[in-house]
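In the working numbering, the protein residues as written are 106 to 829. For reference, the structure discussed in these notes is given below.
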């Protein structure tokens, strides 16, 4: 190390000393003249403009004093690797890295591999899924995204903090989607399905009106109703319930886990349904007389009614094949996020049937003029009605094919069923079969009792009190359920299945709570509306069927409040299906069917024939009220003892409190109008209009004072849509 500076670097260096006595600055002979001394410098003044960033690397320029006094503890040297080591002068450049590097601006991205390379959420396939993430994009459009500063490296040398090795910038995790985005997506899907369901239900009511105008609402229509109900009952018993409850969650999992996006699994499922239903349909057509006898011993005891009912059944039973094809194709589309087709294609079926019965009226006259019955109808008339009914379901099923092609799904038969999960789904479907069986047994009991009571009541001069009136009132009563609850839960069910598969009980609970509270905003007021305005509704819709329309109104009033537990039961059971638990819904349905059948039988034996079916309608809602209590406790236990019960019950209690005075006022207004104008078309329309306005006004005022948040959110959304 160099010696400390002493003011004369010549001493001790081996050089000669200047002569004694020589004047300063006088050259000495034989010696090299010494350089002129540098001007004296102030040690406290630094050269601010003489900065050399490489001075510290030059050993000859180091100051020994500064070297000794340098505090390396407070100012450690830069760690190794900070500065790039010098390499060969003509070395080839290194290959570019595709990882993010903040020192490089606009780095070239890596090339895309051949074929789709996007990994979409929930197993969506890149070639069949379009517009993924649009809801999140729109929701986050106004958010400011803070990204890395591409120019930060230019100022690193001026930072006082110790330097650290440059690391690759971590890839920012995607921001979690907002609940508003999820709710917006659900509202869009639900709105699309609700629109299709509304149009389908409207055309369905037009269909019932045309049918009633063609063949009435008495015993002759009962024969057609039984024949037309048989394929639906058998289809639901054989595979319909399993398709909706078991195979669809399995299909969602196949789309998530399989490399082909679940297309092979869907084709295997479609092939299984086609083969199974083709065989069952053939057997059922041959056994039509047995089914008619089972459904209504009263009709089977009359030879003329029996012949007409068997003829109708042999035309209607093949519709179960097309019904199953339509359902499985629709569920394949639902699993791919295409919810509209399944809700809109039934409109085509209704149009075909309306045209069929319209042609019957054109050829044979309306019911009020022809008085057609089982004894007077011609074979050509039976053939016309039967073929038209079959054609309607055929068109409905075939109309799904263009939607499938648009979604990128190519249906084809696949018989390699073994080892692909269908066996597991079939084992789960075992309990769903028992579930539907218990439900259908209760329906058979009600059908037998209603047809018997209707025949007796018609002989006493009270038409429109049999199974036809029961079915027509049930169809009108189920309309809010089909528009609101089914639409909401169809959009939510795939997400509930994913949450259950991931073990996220909190997400399942939140979705079920959302479905219950959202549907309640419309379900509860509609239930009280049926109770208050059931008679003017029926007399207006079925005015062309004669005096039987008023009896349909009484049955509709009896159904009324049962709509609330019926809707709750539907939502709660989706939670069990998401966990692939079909045993609990089976036991729950046994309870519902037992209560319904027992109370219906009691009504049949206790009440007069005219009011027996009214009692059966009340029994329907009572059975579901008992079932909801059982299902709620079991699902709450399944989700860890929390089902958001306090929030849900508070919503239903406030809605009920707002609906009670509204229904009382609406019922009084409707009764006064009908007493003044009568029960004809004019009186019924006026009563329904004034009563509906009164019910809506009182309900909204009461609900606003009770501060029902779900209703306020819906009103705000409607105002936003209208731009007000």
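Ideal placement from N, C-alpha and C gives every residue a C-beta, glycine not left out.
{"query": "Distance between residue 424 and residue 498 (C-alpha atoms, nearest Å)", "result": "6 angstroms"}
{"query": "Backbone secondary structure at residue 478 - three-state DSSP", "result": "coil"}
{"query": "Sufficient close CB pairs (3 or more, under 8 angstroms) joining the segment 567-574 to the segment 299-312", "result": "no"}
{"query": "Counted within 10 angstroms of its Cβ, other Cβ atoms place residue 813 as buried (16 or more) or exposed", "result": "buried"}
{"query": "The segment 428-436 in contact with the segment 502-514 per 3-pair CB rule at 8 angstroms", "result": "yes"}
{"query": "Top-ranked residue by Cα proximity to residue 450, from 302, 406, 369", "result": "302"}
{"query": "Sequence-distant residues of the same chain with beta carbon closer than 7 angstroms to residue 729, five excluded per side", "result": "667, 670, 671, 674, 697"}
{"query": "Neighbourhood of residue 772 by C-beta, 6 angstroms cutoff - its chain only, sequence neighbours within 5 removed", "result": "637"}
{"query": "Span of the alpha helix (DSSP H) around residue 670", "result": "668-683"}
{"query": "Alpha-carbon to alpha-carbon, residue 549 and residue 400", "result": "6 angstroms"}
{"query": "Simplified DSSP assignment, three categories, for residue 505", "result": "coil"}
{"query": "8 angstroms contact criterion, which residue 811 and residue 759 should meet: CB distance rounded", "result": "5 angstroms"}
{"query": "Inter-residue Cα distance where the pair is residue 802 and residue 790", "result": "18 angstroms"}
{"query": "Every unbroken alpha helix (DSSP H) within the segment 371-441, with a cutoff of 4 residues, ordered by chain", "result": "393-400, 402-405, 408-421, 424-440"}
{"query": "Every unbroken alpha helix (DSSP H) within the segment 730-813, with a cutoff of 4 residues, ordered by chain", "result": "750-782, 786-811"}
{"query": "Length of the line joining the Cα atoms of residue 774 and residue 799", "result": "8 angstroms"}
{"query": "Sequence-distant residues of its chain with Cβ nearer than 8 angstroms to residue 686 (five each side left out)", "result": "743"}
{"query": "Contact under 8 angstroms by Cβ, residue 664 with residue 725", "result": "yes"}
{"query": "Reduced DSSP secondary structure (H/G/I, E/B, other) of residue 322", "result": "coil"}
{"query": "Cβ shell of residue 376 (< 7 angstroms), same chain only, five flanking positions each side left out", "result": "518, 519, 520"}
{"query": "Inter-residue spacing [alpha-carbon to alpha-carbon] between residue 607 and residue 676", "result": "20 angstroms"}
{"query": "Entirely enclosed alpha helix (DSSP H) segments - the segment 685-730, minimum 4 residues", "result": "688-711"}
{"query": "Residue 647, DSSP secondary structure in three states", "result": "coil"}
{"query": "Straight-line gap, residue 563 to residue 403 (C-alpha atoms, nearest Å)", "result": "13 angstroms"}
{"query": "Nearest-angstrom Cα separation, counted from residue 735 out to residue 709", "result": "27 angstroms"}
{"query": "Validate contact between the segment 485-494 and the segment 453-464 using beta carbons, cut 8 angstroms, 3 pairs", "result": "yes"}
{"query": "Through-space distance from residue 616 to residue 626, alpha-carbon basis", "result": "16 angstroms"}
{"query": "Span of the alpha helix (DSSP H) around residue 664", "result": "653-664"}
{"query": "C-alpha distance - residue 601 paired with residue 770, whole-angstrom precision", "result": "40 angstroms"}
{"query": "For residue 337 and residue 241, the rounded distance between their alpha carbons", "result": "Any reading at residue 241 needs caution, since the residue's pLDDT is 40, under 50, leaving its predicted position unreliable; the model's value is listed next. So the two alpha carbons sit approximately 40 angstroms from each other."}
{"query": "Distance, residue 639 Cα to residue 633 Cα", "result": "10 angstroms"}
{"query": "Distance between residue 583 and residue 502 (C-alpha atoms, nearest Å)", "result": "23 angstroms"}
{"query": "Proximity of residue 613 and residue 680 at Cβ, strictly below 8 angstroms", "result": "yes"}
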